[in-house]
Each structure stands twice: as structure tokens, then as C-alpha cells.
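Residue numbers (the numbering used here): -16 to 128.
C-beta atoms are modelled at their ideal positions from N, C-alpha and C, and glycine is treated no differently.
Note that the coordinates shown come from a computational prediction; the quantities given were computed from them, not determined experimentally.
Single-structure report; data block below.
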């Protein structure tokens, strides 16, 4: 074995480890960049009946309201979440949601239950859910059946 082959055998594993570390750092950096994803209503949305699910690829948010508390449940852990209740003049009232016990469940005290109490009521809502630099947003309506 000549000198060049010996050096190549010694240096190749070091270069492989450095390439692996650099690739991992690049992937982590790209994952933390700010991105915006739009969520769509899956089927229909009736928060009072607990049948309101928003979807973006494999990420799901489900909504419910009981006893003056609006609760969202997500398939991935959230960093923050804010719910907006939009009135008839298109003015939004924001409700920052607080984590219940895990980052999968969030809640806020809102007047949404009063607004969707009657059958046939349509209430416009907006949501912003943040996960590691990505923002999932949606404007949707809950129709009480």
C-alpha cells in the first residue's frame, strides 16, 4: 500500500463524519425557517357539535367549545396558538390560547359558545398556530346545524 492510499483510508472517515454533521445542521436550519401553511376545513365545520377539523397535509386541528372555553387539539405539539372571532363588520377579536397540560391541547375563555348557540348560526373564525417557525393559518366559518 502506498502513502496516498494510507492517507485516503485515514481521512475518508473524518470527511464522512464532517459531511454528516454539516448536512444535519443544514436540515435543522431549513426546518426552523419561517414558513406559512394554509389550512382547509375537512368536510364541514360545526364547533358546537365538535365536528370541526382543519387540515394541512398531515397536520390536523380540531375545535370544540364548552362552558365558555374554546379548546383546540392538534396532531403535532404547538408553540403558540391564537384564535380570532370575527364579527359582522369583519373586525376580529383575538384570544391567545394557553396550553392545557401538553402542547397538543390549547384553550381560551371566549364568548364563542354564545355566538354559535342557535341552529343555523354562521360564525367566521381565524386561527394562527405556530410550530417551530412554521405558521399554520386559516379563515373558516362554523355553521351550527
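Shortest Cα-Cα distance from residue 47 to any of 22, 41, 39, 56 involves 56. Less than 8 angstroms separates the beta-carbon of residue 61 from that of residue 112. Straight-line spacing of the CA atoms in residue 11 and residue 110 works out to 26 angstroms.
In the DSSP assignment, residue 96 falls within the alpha helix (DSSP H) that extends over 95 to 98. Under the DSSP definition of a beta bridge, residue 82 partners with 89. Under the three-state reduction of DSSP, residue 122 is assigned to strand. Here DSSP, grouped into helix, strand and coil, assigns residue 2 to helix. Residue 108 carries a strand assignment under DSSP once its states are collapsed to helix, strand and coil. Burial is judged here by how many other beta carbons sit within 10 angstroms of a residue's own beta carbon; residue 106 has at least 16 and is buried. By the neighbour-count definition (other C-beta atoms within 10 Å, threshold 16), residue 68 is a buried residue. Sequence-distant partners of residue 32 (beyond 5 residues in either direction) whose C-beta falls short of 8 angstroms from its own C-beta, in its chain, are 127, 128.
In this structure, residue 80 places its C-beta atom within 8 angstroms of the C-beta atom of residue 91. When secondary structure is reduced to three states using DSSP, residue 32 falls in the coil class, being assigned neither helix nor strand.
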